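Residue numbers (my numbering): 1075 to 1240.
Here is the structure we will look at, set down as structure tokens.
Here it is as structure tokens:
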């Protein structure tokens, strides 16, 4: 019994010492360099067969780019956005962790049709923002663009990576 009490006392003291030793690290602020927009393609927002807007896009088509997205950006110009291209069509869920600018998030099926969207996602909010149907593509634009461009479920996109343009 005394041996168990000694072990418990030692464990308690060690826990207190370890938790007190991390006070300096909690106040450390992480600085991230400004991330510049890099045009990697062009995307056309379509209603029926008519183009309603051309958007310069960055493309997130690998795991790192998809997990990072527009995090740490301080701004994004009008007519710029990020297109996420996934390998499969599935229910997608985004959140705004470490994202400083408000965004509109548009989910597209494998045939490039809008299946759902989220308007005015709040910066730094970690609430899950899922698609309402399976999506293969996700477009992030500045907040307010869905309303400004009158984007609706059923609208389409057509896009071209710069590597494929002539």
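Here a beta-carbon is modelled for each residue, glycine too, at the ideal position from N, C-alpha and C.
Values in this document were obtained by computation on a predicted structure and should not be read as measured data.
Item	Value
Taking Cβ positions, are residue 1132 and residue 1110 nearer each other than 7 Å?	no
Using a 10 Å radius around the Cβ and a threshold of 16 neighbouring Cβ atoms, would you call residue 1227 buried or exposed?	exposed
Quick check: the Cα distance between residue 1207 and residue 1196, rounded to an integer number of angstroms?	22 Å
Taking all protein chains shown into account, do 16 or more other C-beta atoms lie within 10 angstroms of the C-beta of residue 1156, making it buried, or fewer, making it exposed?	buried
What's the call for residue 1216, buried or exposed, on a 16-neighbour Cβ count within 10 Å?	buried
Throw me the rounded Cβ distance for the residue 1214 and residue 1179 pair, which I believe falls under 8 Å.	6 Å
List the DSSP bridge partners of residue 1235.	1115
Assign residue 1125 to one of three DSSP states: helix, strand, or coil.	strand
What residue ranges within the segment 1122-1177 form continuous alpha helix (DSSP H) runs of no fewer than 4 residues, ordered along the chain?	1137-1142
For residue 1231, tell me which candidate among 1174, 1139, 1222 and 1183 has the shortest Cα-Cα distance.	1183
Do you know how far the Cα of residue 1142 is from the Cα of residue 1244?	Here the chain covers residues 1075 to 1240 and nothing more, so residue 1244 does not appear.
Which partner residues does residue 1214 have in the DSSP bridge list?	1156 and 1179
Give the secondary structure of residue 1228 by DSSP, where H, G and I count as helix, E and B as strand, and everything else as coil.	coil
Would DSSP call residue 1203 helix, strand or coil?	strand
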